Structures are given as C-alpha cells and as structure tokens.
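J.:
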Amino acid sequence: MPPTSFSAFQLPKTQIQRKHELVAGLFKEILERFRDWDLCRESPSLFLVYAYDNPSVGRADAGVSRNLIQWLSSLRFHIYSDCTVSGYNTLAFQTTLMNTAKADDVLSSQLCLLPNHSESVDKVILCGSEVLGRYIETSYYQSYYQSLKSAYQKALKQFDGIDSIKEALREVVNHNLKEKEFHHVLTELAFLHIRYDYKQEDHGIIPVLLNGTFQKCFPAFIVKSTTICIYEPSLYVPGNWNGEETYQDQGVHIGFFKLLKRLLVNQERRIQLIEEEVYHSCIQALRKNHSKVLEPQAFSTYMKDAYLKVLDKLLEDGTTFLRQLGPETSPKPIPQCKQNSMLQTAQILEVMQAQTQIESLIEAKVSALKIDLKSYLQSEIHLVKSSIDSKLEAMQEAQTSLNSKLELILASLNKPSR
C-alpha cells in the first residue's frame, strides 16, 4: 500500500473512528434493505470454501470469509459451509442427508460439493488465500485428491445411492484424519476438483481472492479456466488508496456487492443502484469531512434520502418496462398468434413479474416514508417537550425568586416600628 499523505489522517482519532462506525452502520442498513426486499427469494444454494487461519503457513483472512457467511445468511441465502449442517431454508439436505448428519460430521456437509446428484449445491464460493495456495502446492494434497477421486469414481460405477459414495469417501477421509498435513479444506478442494472434472465450465465456482495473487492462491483448474475472480485490491484495511480515504471493511463491502451481482443476476440493477447511489454516495459525503454529515443522525438522514431516490429510479424503470410490453393496438392474424403463443405467455409472465416488483417497491417506499415521518414526529415531539420543560423550569425559577422577594417584603413589614 502506498504511503499515506491524505489530510484526513491529521484529524483527531475519534473523528476517524466515527467514520469507520458510520460506514459499518451504513452497510448494515443496506443489508436490512436487501432483506426487506426479499432479494434472495429465488437465490441459488451455496457452499463457501475457505482456509482457517494458520499464521505459520501464511495469511488466510478467515474472518472475512466468516463475515461473508454471516452476511449471506442474513439475506436468507441457502448457504452451507464445513461448520454448518443446514442452510437458511429447506433443501433436500434437511430431509435426507443433512438431517441425519451429526453437528460435528464435517464430511456430511461437504458432500453437497460433489456433482451430479440431487443434493449438489448450485454455486460454490471459493475464498483464495496464501494459506489455501500453499496447501494446494503440497504433495500430500495431490496424493489425497487422487485417493478421493479414485474412491469416488469406483463408488459411482457401483452406485446404489448417495450413502455408498459417502461411505467410500469417508474411508479415505478417516484414513487421513491423523495425518499432520490434513485439513478439512483439502477435502473440499478435492471435491471441487471432481466437480470441475464432471461439470467443466458449468462448475458454478466463484473465486473470491482475499489476499495474495490469483495464480498462487487458487487450484490450477480455476486459474486456467475463464472464470472471473472477484477481487478488490488493497481495500481490506482502512487507510489511503489512490489518493482517497478508505474505511474499515470498505473493500470487503465492495467485494460483497460484486459477489451479490454474480449470484443474483436478475437483481443486478437493484444492487448496482444501491451500491452507487447509496453506499458510494455516503462514502463520498464522509470524505468531504462536512461536520453535519459526520453526526449519526445527519448521516442517517443523508442515507435515507439517497435510498428514496433509488426507489424512485427503480419505480421509473418498472413503469418504462411495462409501457414497452404494453398491448399492441392492432390485432394479429390467428395463425401468427398461435405461432407467437409461447412468446406472448413469456411476455405476460414478465409483465406480472414487473407488476409484482413495482408493488414491492411502492410498499418499500411507503414503509421508508413512514419510518422517516415517525422519526421526524418523534424529533419534533422531543423538541416541543424540551421547550416546554425548559419553560416550566424557568417559570419555577421565577416563582422561587418571587417567593423569596415576597418573604423579604413580609419580613420587612412585620418588623416592629421604633
């Protein structure tokens, strides 16, 4: 990272810390908005693969991976990892494989990485790191992968249910559990390699680079593929990047937006607008060091205004889309109508979906306006109450003063005359 010369770093530490806290609150609020939209209603099932922290080997940044799991879970994604036995909502796992797995049975949760069976996850997020890359380079991993691959292929030929594959793979895993170089993530990497061999370009693996380089932190089958890696350079630590102030976890937030757009292609426009018009807009406001924006209440108001503008744009998009799909004035000949029946059905479905989205956006805007109105009224009530309390206090002080003066006058009148 280049040396910093940004003037903001001459500010008091408390002000910089306040900015970090505001950015954290901003991202949390955005996640809540996405959750309210039910953005992940039709999301793919996921498994997140990452290496645990191992300072003796290199950097893993496992905390970032755990944050990704937490954020995706908060949005109601169907997400699995080697430390979970079920996703957010019901999948086949919960009635078959996953319900019978013990909480500590890591292998049972890893089997969903394998291809071509009903319990396979749709997408895999592979978090690349120095630690992961160095594990991949070891001769132990290459040997372990070959053993798992052979066991899988043999069990697949004699296939009589997922349990037969599970037992064949379990035998290999149990044989390696006490090996010094064994790590559970190696099992996941081997399963991903098998997945790639069978599915090729439809593997559904999304690489996310946490540190290091793409070539050294991912397996060769990913490096050589056309898969686009998600990476946000040098933004994971707050400081200065390309002459601009950056904040705690800002790079992770931006990487998360990129990941969401890969996972939710149909929601890309919404995510993009929130990222640009709300997140980045608020970041720019912080960088300008306006004292008003640095206050939590003012920053919250700024963010809400930006959010309402996004809702207006999305409503405009939906209305324009409906106009474009509106009914044509001239009737079509019957044969042509028959030929275009499938197209018309698809258009009807698109119209219905657009109408549903518009209704959802209107509901979201009404809800946001209600919250703003409630906040405004509460603020006004607080101001009025404070004013009344202040006036009452002044009246009480005046009354006390008058009482004191009256007592003095009475005392003076009651003195005996000489």
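Letter by letter, the sequence shown follows residues 179 to 596 of my numbering.
Built from N, CA and C at the ideal position, the CB exists for glycine as well.
Since we're looking at a predicted model, the values are computed, not measured.
(1) Quick check on the burial criterion: 16 or more other C-beta atoms within 10 angstroms. Buried or exposed for Val201?
(2) Is Asn389 helix, strand or coil by DSSP?
(3) Here's the rule I'm using: 16 or more other beta-carbon atoms within 10 Å means buried, otherwise exposed. How should Leu591 be labelled?
(4) Answer with buried or exposed for Gln574, where buried requires no fewer than 16 other C-beta atoms within 10 angstroms of its C-beta.
(5) Indicate whether at least one CB of chain D lies closer than 8 Å to the CB of Lys487.
(6) Which residues in the same chain have their Cβ closer than 6 Å to the Cβ of Tyr318, if we skip the five residues on either side of it in sequence?
(7) Could you give the residue range of the beta strand (DSSP E) that holds Glu345?
(8) Given this structure, state the Cα-to-Cα distance separating Lys344 from Gln288, to the nearest angstrom.
(9) Tell me which residues share the same chain as Glu349 and place their Cβ nearer than 8 Å to its Cβ, disregarding the 5 neighbours each side in the sequence.
(10) Which residue or residues does DSSP assign as beta-bridge partners of Lys301?
(11) Can you tell which of His362, Leu472, Leu388, Phe435 has the C-alpha that lies nearest to the C-alpha of Glu455?
(12) Given this structure, state the Cα-to-Cα distance separating Lys335 from Glu366, to the nearest angstrom.
(13) Per DSSP, His256 is paired with what?
(14) What's the gap between the Cα of His295 and the Cα of Glu379?
(15) Could you give the DSSP three-state label for Thr424: helix, strand or coil?
(16) Roughly how many whole angstroms lie between the Cα atoms of Leu304 and Tyr323?
(17) In this structure, does DSSP put Ile406 in helix, strand or coil?
T.: Judging by the given coordinates:
(1) Here residue 201 refers to the residue found at position 23 of the sequence shown. By the Cβ neighbour-count rule, Val201 is buried, with 16 or more other Cβ atoms within 10 Å of its own.
(2) Translated into positions along the sequence shown, residue 389 becomes position 211. Coil, per DSSP.
(3) Against the sequence shown, residue 591 aligns to sequence position 413. By the 10 Å Cβ count, Leu591 comes out exposed.
(4) Residue 574 sits at position 396 when you count from the first residue of the sequence shown. The Cβ neighbour count for Gln574, taken over all protein chains shown within 10 Å, is under 16; the residue is labelled exposed.
(5) The structure shown contains no chain D; it holds only a single protein chain.
(6) Your numbering for residue 318 matches position 140 in the sequence shown. Here the set comprises Glu359.
(7) Translated into the one-based positions of the sequence shown, residue 345 becomes position 167. No beta strand (DSSP E) contains Glu345, which is instead part of the alpha helix (DSSP H) from 340 to 354.
(8) The residue given as residue 344 occupies position 166 in the sequence shown. The residue given as residue 288 occupies position 110 in the sequence shown. Lys344 and Gln288: Cα-Cα distance of roughly 10 Å.
(9) As a first step, residue 349 must be located in the sequence shown, where it is residue number 171. A distance below 8 Å between beta-carbons, with the five flanking residues on each side excluded, links Glu349 to the following residues of its chain, in chain order: Ala329.
(10) Position 123 of the sequence shown holds residue 301. The partner list for Lys301 (beta bridge, DSSP) reads Leu224.
(11) Sequence index remark: in the sequence shown, residue 455 carries index 277 (1-based). For Glu455, the closest of His362, Leu472, Leu388, Phe435 by C-alpha to C-alpha distance is Phe435.
(12) In the sequence shown, residue 335 corresponds to position 157, counting from 1. In the sequence shown, residue 366 corresponds to position 188, counting from 1. Looking at the two C-alpha atoms, the distance is approximately 22 Å.
(13) Looking up residue 256 in the sequence shown gives position 78. According to DSSP, His256 bridges with Ser223.
(14) Locating residue 295 in the sequence shown gives position 117, where the first residue counts as 1. Locating residue 379 in the sequence shown gives position 201, where the first residue counts as 1. Roughly 18 Å between the two C-alpha positions.
(15) As a first step, residue 424 must be located in the sequence shown, where it is residue number 246. Here Thr424 sits in strand by DSSP.
(16) As a position in the sequence shown, residue 304 is number 126, starting the count at 1. As a position in the sequence shown, residue 323 is number 145, starting the count at 1. Roughly 17 Å separates the two Cα atoms.
(17) To locate residue 406, count along the sequence shown from 1; it is residue 228. In the structure shown, Ile406 sits in coil (DSSP, three-state: anything other than H, G, I, E or B).
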